[in-house]
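Reviewing the structure listed below.
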Amino acid sequence: MNVIIVGGGQVGGYIAGLLIENGNNAIVIENKEKALQALKKNGLKKENVLTGDGTDALLLEKAGVRRCNALVCTTGNDETNLAVAMMAKFEYDVPKVIARVNNPKNAWLFNAGMGVDVKINQADMIGHMIADEMNYQSIMTLMRLSKGDYSIVRIHVDYHSPNVNKTIAEIKLPSHALLIAIYEDDAMLIPHGETVIRAGQYILAFADEAAVEELNRIFGAKK
Numbered sequence: 005m006n007v008i009i010v011g012g013g014q015v016g017g018y019i020a021g022l023l024i025e026n027g028n029n030a031i032v033i034e035n036k037e038k039a040l041q042a043l044k045k046n047g048l049k050k051e052n053v054l055t056g057d058g059t060d061a062l063l064l065e066k067a068g069v070r071r072c073n074a075l076v077c078t079t080g081n082d083e084t085n086l087a088v089a090m091m092a093k094f095e096y097d098v099p100k101v102i103a104r105v106n107n108p109k110n111a112w113l114f115n116a117g118m119g120v121d122v123k124i125n126q127a128d129m130i131g132h133m134i135a136d137e138m139n140y141q142s143i144m145t146l147m148r149l150s151k152g153d154y155s156i157v158r159i160h161v162d163y164h165s166p167n168v169n170k171t172i173a174e175i176k177l178p179s180h181a182l183l184i185a186i187y188e189d190d191a192m193l194i195p196h197g198e199t200v201i202r203a204g205q206y207i208l209a210f211a212d213e214a215a216v217e218e219l220n221r222i223f224g225a226k227k
């Protein structure tokens, strides 16, 4: 997969390293000398870095924007991220455009009309993680989806849950929740109706906000 990353700070550099490590081709565009030095220090090769402004059409074309599978905007400036997203989507028809939201007040701008397929709102994600810690006994938000109020959450099955040692078929799950996987230590399985829920397991689930509250009641400690 060919990916262009505009913004070579800590976030962009980490994403690039991870993609390359997994066999993808990643090109980082960055114009700040300090960030460029950090990319080099962290092992990114010369051929994976282009120096310049990510809003420069010629530089984007040099990076391969016409044939890339995805473009990720990770600069610390929302205006820049939106400008690059719009160019990538509407000028070059990039299949997947992902953009970082720095100021939560600007999150509403990061939508399909502005060329953004997926927005990453770190402040919102951290806020929900803190709220989960305060409101729920057993649930942590791993990812908030950019559309709707759905999240991927991790549920810890409490030893005092009323549903320990029951099969999934015996548990009345909320309609807006889907159990994705169950893991314990190094073992992971795909859940089905006959899967027995054990105390101490972790469950990955896809759910909306109301369903998350219900899942906390189902798998948390009995009140």
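Going by this note's numbering, the first residue of the sequence shown is number 5, and it counts up by one from there.
By construction, the Cβ of each residue, glycine as well, lies at the ideal position given by its N, Cα and C atoms.
Exposure label - Ala67; buried when at least 16 CB within 10 Å: buried
Limits of the unbroken alpha helix (DSSP H) element including Met147: First-last for Met147: Ile143 to Arg148, but that is the beta strand (DSSP E), not the alpha helix (DSSP H).
Straight-line gap, Ile201 to Tyr154 (C-alpha atoms, nearest Å): 23 Å
Cβ-Cβ distance between Val88 and Gly58 below 7 Å: yes
Reference Asn85; option with closest CA among Lys123, Glu95, Ala181 and Pro99: Lys123
Residues of its chain near Asp82, where Cβ-Cβ distance is below 7 Å and the 5 sequence neighbours each way are ignored: Val105, Asn106, Asn107 and Asn110
Contact check, Ile186 vs Pro178, beta carbons under 7 Å: no
Asn3 versus Gly17 - alpha carbon distance: The question about residue 3 has no answer, for the chain in this structure spans 5 to 227.
Phe94 burial status per 10 Å Cβ neighbour count (16 or more: buried): exposed
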